[in-house]
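Colleague: I am attaching a structure below and will ask some questions about it afterwards.
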Amino acid sequence: MTHRIRPKLWLFSILAVSIVLFFSFDGHNIVKDGVTTLINVRSDVYVVLSADMNYHYMVALPFVVQYWYNNNVSAIVMLCGTELEFKNDKAGREVVRELERLSANIIYVKNNTINSNNFAQNMRNYAAATDFVQQNLSNDTILITSDVDFYPFHFELHIPNLDKGKEVNFYDSNCCVNQKWKNISYHQYIMITIAMTVRMWKEVMDISPLDIATTQYIEDKTNATFDYELSKHLNNKLWIWFLDQRLFGLNFYKTLKKRPELKKLVNEVKRGQRLDRNGWEKIPPKKLETVDFSKYGDAHTSPAIYTDKWWKLNLPFYRRIFPSDQLEVLIQYWANNKVNAIILLCGTREEYVNDKAAFEIIKELQKYDTHIVYVQNKILNSNNFAQTLRNFATATDFVQNNLSNDSILITSDVDFYPFHVQNHLPDLRKGKEILFHDYNCCGSQQWKDLDYRQYIMITIAMTVRVWKEIMDIRVQDTLTTEYVEEKTNATFDYELSNYLNDTWWIWFLDQRLFGLRFYRECEKNKTLNDLVSTVTRTERLDKSVWDKYDPKMLENLNLNNYDAAHTNPAILEDKWWRLNLPFYKRMYPPDQLERLIEYRNRTVQLIDMDRAKRLHYHP
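If you use mature numbering (1 follows the signal peptide of the UniProt record, and there is no 0), the sequence shown corresponds to residues -27 to -1, 1 to 592, in order.
Structural data, given as C-alpha cells:
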C-alpha cells in the first residue's frame, strides 16, 4: 500500500433548525411499528415548530414532537428549505423520516433574503397561512408556537380556555422588555408559548382566507410590517435574532390599537420555576430521574443532542418523559444522525480497488455511509496533495450538489479525536460562520512581503459559503487534479515549483495555502473577521507520550479533562496497535470495537509491511 492510500480528510456538516409544535389532549395509546404512539388526538389544538438545517435544532425535532403527542397534541413542523434539500442531507433525511413516522404535518418553505435561522423562527407567525391550515383547520382551532428545546409540564397553562371566551394565551408574558419601532414602544412576547385561535392568528397577522405561505409571501409581509425597511436590519445580529418576536409584538400592538375590544380575549400566564439547561450540568443524573416535575413549570433543555455532551446530559430527562419503547426508537434515530464524513483520497479509484489492503479500507468506509472522493496528484507529492485537498472540499460534486451554503465543513486528521465536539463548531445562532480550534498553535508564515497567521488544520470549521469565498470556488467548479494544482499555484503567484523540493516548506503547504488565502480575503472583505470565533485548546492526550501510559490508567482516565487525543495512526504496526487499543476500548462500544479489530487484523494481513514502512514519510 503506498503512502497516499489512507483516508486523510474528515469534514463534518451541520445545519440549522427551528420548530413549530401543536397540542392535543385526551388521546388513546396505540402501537405503531411496535412503538407506543397516540391516536384520536384533539384536532382543535396544534403546536407549531420550525427549523432550518442547523443540526443544533433540527436533530432534536422528533423528540419534542413525540413529547407533545404523548400529551395528546398534534404537531405542525415548518422546515426552512426545500424537501429535496432535507432528503439529500443524511441527517435531514433521518429527521424527516422520523417526523413522518410520527405523522407530523411537515411544511417546507425556502428562505430568500432573510437568513435561514431567522426565517425559520419567523415562519411560525404565518402558520395560519399554510395550505394545511387554510384547507383543513377551522377558525376555532388553536395554534401554539413553541421551540424544539421547550418541554412544558402543565399543558393547561398553554391553551386558551374557549369556554371562558379566551382566544389568546401568552405564557411567560412578563419575560421580555419592550421593543421599539420608530416612535412606537410595544410589549415583546416570547414565542414559548403564544397560543391563539386560527381566527385570531389571521386577524393579528393580516392573513386572508386565500393567502398561502410562500417564501415571497412571508418575506413581503414581514418587510411591510417594518415599513419596507427590513433590509437595514438584516446584518444587525441582535435585532434580527428576535425578528419573530419583534414582528408578532408589533402586529399585535397594531391590532389592539385598531380593535381594543380584543383585549378581553387575552389570558396571560406567569411561568413557574424552570428546569433550565444553564444548570443542567450540576444536576446529578439520579436526581434528575427522581425530581418532582409538578413543582416546575417547564424544562428548557439544550437541543444540541448531536454532541455527546448534551446527549448524555439530556438522556436522564428523556428517560423520565418517554416510555421505554419510544425511547429505544428515539435513541436509534439519534444514532443515525451522527456526524457525516467526506474522505478525500489521493489517487484513482482503480488504484485503490486493485490494492488488496486499500480495497478493504474502501469497503469498511462504505459501511459508515461516508462520501469518498478520488483525486489524482500530478505535480505535487501525493502526501502534500492529499493534505491540501481538504481546502477544496467545497468544489467536490457531493458538496456542490447536496449541501446548502449553511452546512459546516470541518477539516481534521485521521489521528485526531476531539472530546468536546462543541469546541469545533461555529455558533451560527450568534452569527459565527468560522471557528479556528487551537488558534494560537502555529505563529505566522511569510510569503514575500506578507506576514500572515498560520492555522492548524485540526480543526478549521466554516460554512460552505465561507469556504467558497475564501478558496474562490464557484458554483460550477469541479474538483480535479488540474483544478487543485492550478489554484494552489496561482495562490503562490505561480511560483510553487520553486518550493516543491523544500521538504519543510511543502510539508505545511495546506496550512500556508489556507492562511494566505484567508489573509487576502480578509483584506478585501473586512466583515469576514466578524464571523470568526476561536478556541484555545487545553491539555491534549498526545501520541508523543503515549507509550508512557499504563493501559489500566488509560482505561480509567477522565477524558473530560482533556481537549482531544492526538494518536499515532500507524496501527498497521503491532507496537502502535497495542498502545492504541486501551484508548479504543474507551472510545467504542464492544460491538463496534470488535468489528474494528477484525477489520484491522484482516487488512494488515494484506499489507507488505516492509514496503509500507519504506514509503511512509514525515519530516
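Backbone N, C-alpha and C fix where the C-beta goes; we use that ideal spot for every residue, glycine too.
In this text the structure is predicted, and so the values were computed from the model without any measurement.
Pick helix, strand or coil for T464, following the three-state DSSP scheme.
Modeller: Your numbering for residue 464 matches position 491 in the sequence shown. Helix.
Colleague: Going along the chain, which residues of its own chain have a beta-carbon closer than 6 Å to the beta-carbon of V37, five neighbours each way excluded?
Modeller: Reading the sequence shown from its first residue, position 64 is the one you call residue 37. Excluding residues within five positions, the ones whose Cβ falls inside 6 Å are V121.
Colleague: Return the CA-CA distance between V177 and D370, expressed in angstroms with no decimal places.
Modeller: Against the sequence shown, residue 177 aligns to sequence position 204. Against the sequence shown, residue 370 aligns to sequence position 397. Rounded to whole angstroms, V177 to D370 spans 45 Å at the Cα level.
Colleague: Under the DSSP definition of a beta bridge, which residues are partnered with T367?
Modeller: Translated into the one-based positions of the sequence shown, residue 367 becomes position 394. Looking at the DSSP assignment, T367 forms no beta bridge with any residue, so it has no partner.
Colleague: Assign V150 to buried or exposed, taking buried as 16 or more other Cβ atoms, counted over all protein chains shown, within 10 Å of its Cβ.
Modeller: By one-based count along the sequence shown, residue 150 stands at place 177. The residue in question, V150, is exposed, as its Cβ has fewer than 16 Cβ neighbours within 10 Å.
Colleague: By the DSSP assignment, the alpha helix (DSSP H) with A359 in it spans what residues?
Modeller: To locate residue 359, count along the sequence shown from 1; it is residue 386. Where A359 is concerned, the enclosing alpha helix (DSSP H) stretches over S355 to L362.
Colleague: Quick one: what's got a C-beta closer than 7 Å to V8's C-beta in the same chain, skipping five residues either side?
Modeller: Here residue 8 is taken as the residue at index 35 of the sequence shown, counted from 1. Since pLDDT at V8 reaches only 39, below the 50 mark, its modelled position is unreliable, and no value is offered.
Colleague: Measure from the alpha carbon of P391 to the alpha carbon of each residue in T321, T432 and I352, then state which is nearest.
Modeller: What you label residue 391 is simply residue 418 of the sequence shown in a count that begins at 1. Answer by Cα proximity: T432.
Colleague: Taking Cβ to Cβ, would you say N374 is nearer than 9 Å to T343?
Modeller: Along the sequence shown, one-based indexing puts residue 374 at 401. Along the sequence shown, one-based indexing puts residue 343 at 370. Cβ distance not < 9 Å, so N374 and T343 don't count as in contact.
Colleague: Looking at the unbroken beta strand (DSSP E) that takes in E241, where does it start and where does it end?
Modeller: The residue labelled residue 241 in the question sits at position 268 within the sequence shown. Per DSSP, E241 belongs to the beta strand (DSSP E) from V239 to V242.
Colleague: On a Cα-Cα basis, can you pick out the residue from W420, S111, V82 and E571 that is closest to L545?
Modeller: Numbered from its first residue, the sequence shown carries residue 545 at position 572. Checked all of W420, S111, V82 and E571; the closest Cα to L545 is E571.
Colleague: So, with DSSP's three-state summary, where would you put residue 673?
Modeller: Outside the displayed range of the chain (-27 to 592) lies residue 673, so it cannot be described from this structure.
Colleague: Determine the burial state of E567: buried for a count of at least 16 other Cβ atoms within 10 Å of its Cβ, exposed for fewer.
Modeller: Stepping through the sequence shown from its first residue, residue 567 is reached at position 594. Under this definition E567 is an exposed residue.
Colleague: Can you give the Cα-Cα distance for T500 and V242, rounded to whole angstroms?
Modeller: For this step, residue 500 is matched to residue 527 along the sequence shown. For this step, residue 242 is matched to residue 269 along the sequence shown. The straight-line gap from Cα to Cα measures roughly 42 Å.
Colleague: Starting from the Cα of T464, find the closest Cα among P399, F491, V439 and W480 and give me that residue.
Modeller: On the sequence shown, position 491 is the one that residue 464 refers to. Of P399, F491, V439 and W480, the residue nearest in Cα terms is F491.
Colleague: Can you name the start and end residues of the alpha helix (DSSP H) that W253 belongs to?
Modeller: As a first step, residue 253 must be located in the sequence shown, where it is residue number 280. Per DSSP, W253 belongs to no alpha helix (DSSP H) and is neither H nor E.
Colleague: Quick one: what's got a C-beta closer than 8 Å to D388's C-beta in the same chain, skipping five residues either side?
Modeller: By 1-based counting over the sequence shown, the position of residue 388 is 415. Here the set comprises K516, H539, T540, N541 and P542.
Colleague: Would a C-beta distance cut-off of 9 Å place M164 and E140 closer than the cut-off?
Modeller: Along the sequence shown, read from residue 1 onward, the residue named residue 164 stands at position 191. Along the sequence shown, read from residue 1 onward, the residue named residue 140 stands at position 167. Not closer than 9 Å, so no.
Colleague: Of the choices N43, A64 and N44, whose alpha-carbon is the least far from that of A33?
Modeller: In the sequence shown, residue 33 corresponds to position 60, counting from 1. The shortest C-alpha separation from A33 is found at A64.
Colleague: Report the start-end ranges of each beta strand (DSSP E) in the segment 383 to 439 that is 3 residues or longer and not cut off at the edges.
Modeller: 389 to 391, 407 to 410, 417 to 420, 423 to 426 and 433 to 436
Colleague: Mind checking whether S23 and M96 have CB atoms under 9 Å apart?
Modeller: Along the sequence shown, read from residue 1 onward, the residue named residue 23 stands at position 50. Along the sequence shown, read from residue 1 onward, the residue named residue 96 stands at position 123. Remark: C-beta atoms of S23 and M96 approach each other more closely than 9 Å.
Colleague: Classify H344 as helix, strand or coil using the three-state DSSP reduction.
Modeller: Residue 344 sits at position 371 when you count from the first residue of the sequence shown. Strand, per DSSP.
Colleague: Expressed to the nearest angstrom, what Euclidean distance is found between the alpha-carbon atoms of Q107 and Y279?
Modeller: Reading the sequence shown from its first residue, position 134 is the one you call residue 107. Reading the sequence shown from its first residue, position 306 is the one you call residue 279. Distance between the alpha carbons of Q107 and Y279: 35 Å.
Colleague: Mind pulling the beta strand (DSSP E) runs of 3 or more residues that sit fully within the segment 113 to 151?
Modeller: DSSP runs (the beta strand (DSSP E)) wholly in the segment 113 to 151: 115 to 118, 123 to 125 and 141 to 144.
Colleague: For a minimum of 3 consecutive residues, which ranges assigned as the beta strand (DSSP E) are wholly contained in the segment 483 to 553?
Modeller: 505 to 508 and 537 to 539
Colleague: Quick check on the burial criterion: 16 or more other C-beta atoms within 10 angstroms. Buried or exposed for V(-8)?
Modeller: Mapped onto the sequence shown, residue -8 falls at position 20. Note that V(-8) scores a pLDDT of 16, beneath 50, so its modelled location is shaky and nothing firm can be said.
Colleague: Report the residue from T55, W212, G404 and D386 whose alpha carbon sits nearest the alpha carbon of Q484.
Modeller: To locate residue 484, count along the sequence shown from 1; it is residue 511. Looking at the Cα atoms, D386 is the closest of the given residues.
Colleague: Going by DSSP, name the residue or residues bridged to A168.
Modeller: Walking along the sequence shown from the start, residue 168 turns up at place 195. Bridge partners of A168: I117 and N142.
Colleague: Expressed to the nearest angstrom, what Euclidean distance is found between the alpha-carbon atoms of D249 and L211?
Modeller: Residue numbering aside, residue 249 sits at position 276 when the sequence shown is read from its first letter. Residue numbering aside, residue 211 sits at position 238 when the sequence shown is read from its first letter. Spanning the two alpha carbons is a distance of roughly 22 Å.
Colleague: DSSP three-state call for N44: helix, strand or coil?
Modeller: Taking the first residue of the sequence shown as 1, we reach residue 44 at position 71. In this structure, N44 counts as coil in the three-state DSSP scheme.
Colleague: Going by DSSP, what residue range makes up the beta strand (DSSP E) through A24?
Modeller: Here residue 24 refers to the residue found at position 51 when the sequence shown is read from its first residue. Run containing A24: V18 to A24, per the beta strand (DSSP E) assignment.
Colleague: Apply the 10 Å Cβ neighbour rule to V448 and answer buried if 16 or more other Cβ atoms are within range, or exposed otherwise.
Modeller: Counting from 1 along the sequence shown, the entry for residue 448 is found at position 475. The residue in question, V448, is exposed, as its Cβ has fewer than 16 Cβ neighbours within 10 Å.
Colleague: Using 8 Å for Cβ pairs, my map puts Y347 next to R322. What's the rounded Cβ distance?
Modeller: On the sequence shown, position 374 is the one that residue 347 refers to. On the sequence shown, position 349 is the one that residue 322 refers to. Going by Cβ atoms, the distance from Y347 to R322 rounds to 5 Å, so yes, they are a contact pair.
Colleague: Do V18 and T166 come within 9 Å of each other at the CB atom, strictly closer than that value?
Modeller: As a position in the sequence shown, residue 166 is number 193, starting the count at 1. As a position in the sequence shown, residue 18 is number 45, starting the count at 1. No.
Colleague: Could you name the residues of the same chain whose beta carbon sits closer than 6 Å to that of residue 608, not counting the 5 residues immediately before and after it, in chain order?
Modeller: The requested residue 608 does not occur in the structure, where the chain is confined to residues -27 to 592.
Colleague: What did DSSP end up calling R232 once you bin it into helix, strand or coil?
Modeller: Residue mapping note: residue 232 aligns to position 259 of the sequence shown, counting from 1. Coil at R232, not helix or strand.
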